[in-house]
Amino acid sequence: MTHLTTLSIIIASGGRYELHKDMIGSILAALPESCINLELDLDPVNIESKGPGSAHICEMISPHLSRLHHLRLEIGTICPALFGDHFAIDGSLQRENPPPLSHYYYPALQTFIINCNFWGSALTCNINGATAASEALPPARVALVQCLRHLFLRGSFPRIRRLWLLDGQLNDNNDESVYAAWNRRDIVNNKTWAIPWIDVKGPTPMSFYSVIRTPEGRELVTPSQYRSVFAEDQTWKETTLGSRFPAAVLADRGDFIVRDPPALSVSEYRSMYKGSCLAWRHEQITGRKLLWATEREGLVDRSPLHEITPPGWRRGICGFYPDNGSTDTQETDINLNTIEHARGPNFFWESEPSLYPLYIAVSEYLKIKPRIQVLNERCGVFLVLAEILSDSIADNQTSCKFMRFG
162 MTHLTTLSII
172 IASGGRYELH
182 KDMIGSILAA
192 LPESCINLEL
202 DLDPVNIESK
212 GPGSAHICEM
222 ISPHLSRLHH
232 LRLEIGTICP
242 ALFGDHFAID
252 GSLQRENPPP
262 LSHYYYPALQ
272 TFIINCNFWG
282 SALTCNINGA
292 TAASEALPPA
302 RVALVQCLRH
312 LFLRGSFPRI
322 RRLWLLDGQL
332 NDNNDESVYA
342 AWNRRDIVNN
352 KTWAIPWIDV
362 KGPTPMSFYS
372 VIRTPEGREL
382 VTPSQYRSVF
392 AEDQTWKETT
402 LGSRFPAAVL
412 ADRGDFIVRD
422 PPALSVSEYR
432 SMYKGSCLAW
442 RHEQITGRKL
452 LWATEREGLV
462 DRSPLHEITP
472 PGWRRGICGF
482 YPDNGSTDTQ
492 ETDINLNTIE
502 HARGPNFFWE
512 SEPSLYPLYI
522 AVSEYLKIKP
532 RIQVLNERCG
542 VFLVLAEILS
552 DSIADNQTSC
562 KFMRFG
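Residue numbers for the sequence shown follow the working numbering, so the first one is 162 and each next one is one higher.
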């Protein structure tokens, strides 16, 4: 242990091992001075302690911050106690007179990533001891960005290159122009990048892929479990031996081979799996990009990320149409709402994301796609009827212009 430089602990949801907070606290208490890189990626259910004496993880991490070079945290509960006792639970300073800078000075820290998971459901630590069932705990993200920004402005991170907090937001099933997105909150620049992702089918009915459009200008297709890796811009990477290190450390060493996360270009994905999505379909119709990573001012913005409606086009129930004042449609503009493009109900995301592939498989078994196609074709009859009625109304209005009464 005396020569340990990097510690990465990842406990996956539904895995074989159950690790409680008091166990994590014991490991952190035993960390040697040589450890300068730390990653804790813990499922929020597994880290809850079942008995008395549960360690407050944030207070156990705090003594190590001054020597750490790289830190990544994705834990179920987190709070400003990570930076000592100078901050209140809401991220504000507890004392009227701020303590000296030396009390919260982290001279070696270069990358610091806090991932509040996609749902943004990382909660404020329950320091009062009440159970989550009896007392709802507030989200941690707002308090954390407030105290992190305060520390940065005070000069607490002189070598920091990446100081990011990530959370996410869902699409809107009632508005197909709203897309799911990761929010990358850049504390240093006081900006938030909304990074969209779009569901597409995988190689099998039970697999699921996502299209990611990053702030770095990349568009790639990756298995859904790797979305956060690209939202974090691969700040930590895995080697072929299964160990994980900060990307900056691996860049300076030649004795490890990096195992890059699976990612396909759009052309590679389309040639291999023939999949598509609403965004691609709409962009094909309009001939322009309609959705991209968006930079926003500040650190708390959670406004929906919209696919734009370009000038000269209007959005209808079956996609985009030229905005020429008529109901003219093309045959290719219909049948967009098939199971290949439709989004799953939020129930599967919010309650149990692993059920979503099952939803896709059941939909295919019940032949929902051809049923929707039949319904869309029947809707075409109503579109034709609407066109006839529109022309009839226009003719009547033209005739009435030249009539005088009285």
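The C-beta atom is built at its ideal place from N, Cα and C for all residues, glycine as well.
Cβ neighbours of residue 167 within its own chain (closer than 6 Å, five residues either side excluded): 198, 406. With a cutoff of 7 Å on beta-carbon distance, residue 275 and residue 314 are scored as not near each other. Ranked by Cα distance from residue 219, the options 193, 196, 187 are led by 187. By the 16-neighbour rule on beta-carbons within 10 angstroms, residue 230 is buried. 466 is the residue among 322, 427, 466, 263 whose C-alpha sits nearest the C-alpha of residue 456. The criterion of a C-beta distance shorter than 7 Å is not satisfied by residue 434 and residue 483. Restricting attention to alpha helix (DSSP H) runs no shorter than 4 residues, the region 331-408 encloses them at 388-392, ordered along the chain. Residue 419 sits away from residue 380, with the two beta carbons spaced by 7 Å or more. In the structure shown, residue 282 falls within a coil segment according to DSSP collapsed to helix, strand and coil.
The Cβ atoms of residue 267 and residue 318 sit closer than 7 Å to each other.
Partner residues in a beta bridge of residue 461, as assigned by DSSP, do not exist. In the displayed model, residue 275 falls within a strand according to three-state DSSP.
Just so you know, the alpha carbons of residue 439 and residue 202 end up roughly 33 Å apart. Take the alpha-carbon of residue 398 and the one of residue 389: they are about 12 Å apart. Below 8 Å, too few C-beta pairs join the region 411-418 and the region 344-352 to call them touching: fewer than three. Between the beta-carbon of residue 241 and that of residue 165 there is about 28 Å, and that puts the pair past the 8 Å contact cut. For the beta strand (DSSP E) assignment, the uninterrupted runs of no fewer than 3 residues enclosed by the region 227-274 are, from N- to C-terminal side, 231-235. In the DSSP assignment, residue 167 falls within the unbroken beta strand (DSSP E) covering 167-172. Within a 10 Å sphere around the beta-carbon of residue 334 sit fewer than 16 other beta-carbons, which makes this residue exposed.
Secondary structure at residue 414: coil, using DSSP grouped into helix, strand and coil.
Setting aside the 5 residues that flank it on each side, residue 272 is surrounded in the same chain by 231, 322, 323, 396, 407, 409, each with a C-beta closer than 7 Å to its C-beta; the list follows chain order.
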